[in-house]
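Working notes for the structure below.
Number of protein chains: 2
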Amino acid sequence: MSDKNLPNQVSANTLRRLPYYLSYLKTLKNTDVSYISAPVIASELDLNEVQVRKDLAAISSVAGKPKKGFEIDVLINDIQAYIGCDVNNCGILVGAGHLGRALLAYSGFEAYGLNIIAAFDSNPAAVGKDIAGKSVYHTDALLDFCKKTPVTIGIITVPAEDAQEICDLLIKANVKAIWNFAPVKLCTPDGVIIQNENIAASLTIINKKLAEQF
Amino acid sequence: MSDKNLPNQVSANTLRRLPYYLSYLKTLKNTDVSYISAPVIASELDLNEVQVRKDLAAISSVAGKPKKGFEIDVLINDIQAYIGCDVNNCGILVGAGHLGRALLAYSGFEAYGLNIIAAFDSNPAAVGKDIAGKSVYHTDALLDFCKKTPVTIGIITVPAEDAQEICDLLIKANVKAIWNFAPVKLCTPDGVIIQNENIAASLTIINKKLAEQF
DNA sequence: TAGATTGTTAATCGATTAACAATC
DNA sequence: TAGATTGTTAATCGATTAACAATC
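Chain order of the listed sequences is L and D.
Here the first sequence stands for residues 2 to 215, where the numbers follow my numbering.
Here the second sequence stands for residues 2 to 215, where the numbers follow my numbering.
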């Protein structure tokens, strides 16, 4: 049904705003309003109204109605569909340290189409454990595991110095995308999707703003 | 010693690159090279060399030497100082769910100057527990706690629908910055620093790229 | 109709990249 | 010196914002 023949270039910034639209729209679900306008969303979320209109135009299945705006229920569905809530990607996580265990236990990813089915670690102390119902296997077993159960997304939560090695392993295991939590530039062949997550960077930004204030 | 009299506007994008520079430079620590040039860093991290030079110029305490580049040890120290590794901010976390517990247990924040000293939750089942050596108190005790122990950074890991309420509470408790993991626009008075973290957004980007590939 | 809202075309802004003179 | 690298000034690029005609 998706007749998007051209990639429909939506910027990463727009994608980042979508979860905020979604969560705001959901707060309206149980109210009596059924339509919402771009200017209202913009003022609620402190955004420019043209920006909101462009964002919505990019992901909405129907045009907004002059004087009314967008039907809330339709918009919620459209955003969820666009975000990929209805896909179901299998993921595995490598590195069952603190952060890794945290992500394993975090249930919020399923709402975004990611199902983490197993974890791997090279530390014997971690291997064999069960975290949030997911087994931790030895890293040596990763390739075999992925042969039996194709995995789309590999999540790297190992220390920086091990990240490249794990990355190579995941590529050998044929994952299509890598979600990298180590602050390291990974070398990968073309075609493999890399998404770097950098929690520390946000902290850096906070520190900087705090320092500026005084 | 820091004679930065003007704010020295460094963009958030630059700040986001600093952890990658740092981690790369650290890999050179135990080698025999003592100087590194912007072009080399750029090619290693797949960045533009002018961009690297500008980034380094913004944070370095000394100018680079033509033909040699930057002294690695000095650069490491400068980045760490700039990032705020040497500050020590007290933080508390509200919402000891999966994500909250993960962040509590994650030890990596101390390297960025953040020391999470306690957690709060309104769920009786969570209250009284000990996570990674940190106590979980009832949210009702938050204000009193912050009166005794001034807290700089409040971390919000409660569900989206409770985030604003907790935000208000943290502001009453006089925190200077809020690190918000809920995908919600928070309303705050001027002067309070807000940093939104949006883990789901990265997942959205991965989903989109995966979808484009086929 | 009048006015709010839409989608779009043009202007602005900021970040990235290219070009270049200065330095060791 | 010649050449690699520096820092800086100018050009490019993309995202945000402003202006405006079209619609109900």
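All residues carry an ideal CB built from backbone N, CA and C; glycine is no exception.
This one's a predicted model, so the numbers in the text were calculated from it and none came from an experiment.
Check                                                                                                                                                                                           : Outcome
Output yes or no for whether 7 angstroms exceeds the beta carbon distance between valine 176 (chain D) and cysteine 91 (chain D).                                                               : no
Report back the beta-carbon spacing between alanine 183 (chain L) and alanine 164 (chain L) to the nearest angstrom; my notes put them in contact at under 8 angstroms.                         : 4 angstroms
Reducing DSSP to helix, strand and coil, say where tyrosine 107 (chain D) ends up.                                                                                                              : coil
Taking all protein chains shown into account, do 16 or more other C-beta atoms lie within 10 angstroms of the C-beta of glutamate 198 (chain D), making it buried, or fewer, making it exposed? : buried
Can you tell me whether asparagine 175 (chain D) is helix, strand or coil according to DSSP?                                                                                                    : coil
Do you know whose CA, among D:Gly96, D:Asn116, D:Ala133, lies nearest alanine 126 (chain D)'s CA?                                                                                               : D:Gly96
Report the rounded CA-to-CA distance for lysine 210 (chain L) versus leucine 48 (chain D), giving the unit in angstroms.                                                                        : 25 angstroms
Can you find a CB in chain D that lies within less than 7 angstroms of the CB of leucine 46 (chain L)?                                                                                          : yes
Threonine 153 (chain L) versus chain D: which residues are under 8 angstroms apart at the beta carbon?                                                                                          : Leu211
So with CB distances below 8 angstroms, who are the chain D contacts of arginine 102 (chain L)?                                                                                                 : Ala103, Ala106
Can you have a look at cysteine 147 (chain L) and say buried or exposed, based on whether 16 or more other CB atoms are within 10 angstroms of its CB?                                          : buried
How many Å lie between serine 61 (chain L) and isoleucine 206 (chain D) at the Cα?                                                                                                              : 17 angstroms
Compare the Cα-Cα distances from alanine 103 (chain L) to each of L:Lys135, L:Pro67, L:Thr189 and report the closest residue.                                                                   : L:Lys135
Isoleucine 93 (chain L) and glycine 192 (chain L): beta carbons closer than 7 angstroms?                                                                                                        : no
Taking C-alpha atoms, which residue in D:Tyr113, D:Gly98, D:Tyr107 lies nearest to alanine 106 (chain L)?                                                                                       : D:Gly98
Tell me which residues of the segment 177 to 199 of chain D have at least one Cβ-Cβ distance to chain L shorter than 7 angstroms, keeping chain order.                                          : Lys177, Ala178, Trp180, Pro184, Val185, Lys186, Ile194, Gln196, Glu198, Asn199
Who are the near neighbours of isoleucine 132 (chain D) in its chain, counting only those whose CB is closer than 8 angstroms to its CB and skipping five residues on each side?                : Ala97, Arg102, Leu105, Ala106, Ala120
Quick check: leucine 143 (chain L) and isoleucine 84 (chain L), are their CB atoms within less than 7 angstroms of each other?                                                                  : no
Which runs of the alpha helix (DSSP H) fall wholly inside the segment 118 to 191 of chain D and span at least 4 residues, in chain order?                                                       : 143 to 149, 161 to 173
In the DSSP assignment, find the beta strand (DSSP E) that holds glutamine 10 (chain L) and state where it starts and stops.                                                                    : Here glutamine 10 (chain L) belongs to no beta strand (DSSP E), and DSSP marks it neither H nor E.
Thinking C-alpha only, which one of D:Cys86, D:Lys173, D:Cys188, D:Glu162 is nearest leucine 29 (chain L)?                                                                                      : D:Glu162
Using a C-beta to C-beta distance shorter than 7 angstroms, which residues of chain D count as neighbours of serine 24 (chain L)?                                                               : Ala161, Pro184, Val185
Taking all protein chains shown into account, do 16 or more other C-beta atoms lie within 10 angstroms of the C-beta of aspartate 56 (chain L), making it buried, or fewer, making it exposed?  : buried
For tyrosine 21 (chain D), decide whether its Cβ has a neighbour in chain L, counting only Cβ atoms nearer than 7 angstroms.                                                                    : yes
The alpha helix (DSSP H) with asparagine 208 (chain D) in it runs from where to where?                                                                                                          : 200 to 213
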